[in-house]
Amino acid sequence: MSLKNFLVLSNIILLVMLSGCKSPEHQEVISNQEPSAYSLSGQPLYSIQHSEETMIKRDSLLEVARVNYEEDPTNLHNIIWYGRRLAYVDRHDEAIATYTLGMESHPEAPELFRHRGHRFITTRNVDNAIEDFITAAELAEDREIEIEPDGLPNALNIPLSNLQFNIYYHLGLAYFLKGEYTLAEVAYLECMKYSVNPDLKVATSDWLYMTYMAQGKSDDALKVIEAIPDDIEIIENDGYLRRIKMYKGEILPTELVDLNAEGGDRLGLVTQGYGVAHYYKTTGDKENYIKILNQILELEYWSAFGFISAEYDKYRMDQVRN
């Protein structure tokens, strides 16, 4: 770390720690903040409040990224990381604007379209996201696989994903959210080519399985999960692996999501919940499917893909009823 960045980090951590004693004022600011996004039904979505330690760290890293960006706003690395750090504190519109401005200097950089597309998903602008991911795929077509550094590192601090994987993974998700499962299938099959380690393979396999099941292609879905060996070793995608074990019949759905529990692991529910809900849906248990969707949508983790997926499912059901 450069001396400049070290000083920036030190100063902001000190300021946040000193202001931490003013918790009532802090709570007032939080309650009066502007929405970070809006749900499909138009409800405001506010920034998620994490632990003080997490917020200090993210604010500090954002400040470093801001300083670097303002020193050289045409540097691709600075653009990418300023946008990412903005998104990590739920300033998604600013992240989108940063990437959009960066495209003027780097119109052929697939990274900018990939990251802006991700933020379009978060802000429920899925059609825009699809356009960005298609553009990113075209721009990255002839490039070697490029490992993406993690903004939120795993326990071993080993980056696992790559640019091409993230393009097709998120493109598949965008199509899935719209209910365009045939196109989602094509995207996830392409994504599988770039799923070059066990963690990526189980993540892609989970969504491809759900995509096949949504189309009634149970034989194809079964082949996907049968390709995952029982002794596979992963670093960070344990949630996806546990869902695959559920699909195989090795784990009960209630071991992943307890429908009758009060309180409990809220983040675990939004992480595992949609996969379990979709499992209930495709196995004919509509009651538990809807019950889990509603439980997910009562949580605060509105930027998680499981939450967004549940929201789109519920929105389509409401549209049919109306």
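Just so we're aligned, residue 1 is where the sequence shown starts under the numbering used here, counting upward by one.
Glycine is no exception: its CB is placed at the ideal position from the N, C-alpha and C atoms.
- Partner residues in the beta bridge of Asn162, as assigned by DSSP, are Ile147.
- Here DSSP, grouped into helix, strand and coil, assigns Leu45 to strand.
- Of Glu236, Ala87, Trp302, the smallest CA-CA separation from Tyr274 is found for Trp302.
- Between Ile235 and Leu241 the beta-carbon gap is near 11 Å, outside 8 Å, which marks them as no contact.
- The C-beta distance from Val202 to Ile228 rounds to 6 Å, short enough to fall under 8 Å.
- In this structure the stretch 146 to 154 touches the stretch 80 to 96; the number of beta carbon pairs closer than 8 Å is three or more.
- If the five residues before and after Ala65 are omitted, its C-beta is found closer than 6 Å to the C-beta atoms of Trp81, Tyr82, Arg85, all from its own chain and listed in chain order.
- Per DSSP, the unbroken alpha helix (DSSP H) holding His118 starts and ends at 110 to 122.
- In the DSSP annotation of this structure, the continuous segment of the alpha helix (DSSP H) that includes Glu104 starts and ends at 92 to 105.
- Taking a C-beta distance under 8 Å as the contact criterion, Ile79 and Thr100 do not qualify as a contact pair.
- Linking Pro110 to Glu287 through their CA atoms gives a straight-line distance of about 42 Å.
- Here Tyr301 carries a coil assignment [DSSP, helix/strand/coil].
- Annotated as distal: Val270 and Ile292, with beta-carbon spacing of 8 Å or more.
- Looking at the DSSP output, Tyr38 shares a beta bridge with Pro44.
- The C-beta separation of Gly239 from Gln215 comes to about 23 Å, leaving the pair out of contact by the 8 Å criterion.
- Within the same chain, Thr74 come within 7 Å of Ser105 by CB-CB distance, once the 5 residues on both sides are set aside.
- Contact annotation: Leu139 and Phe165 have beta-carbon atoms that are not nearer than 8 Å.
- Here Leu177 is buried. Its C-beta has 16 or more other C-beta atoms within 10 Å.
- By the neighbour-count criterion, in which 16 or more other beta carbons inside 10 Å mark a residue as buried, Gly306 falls on the buried side.
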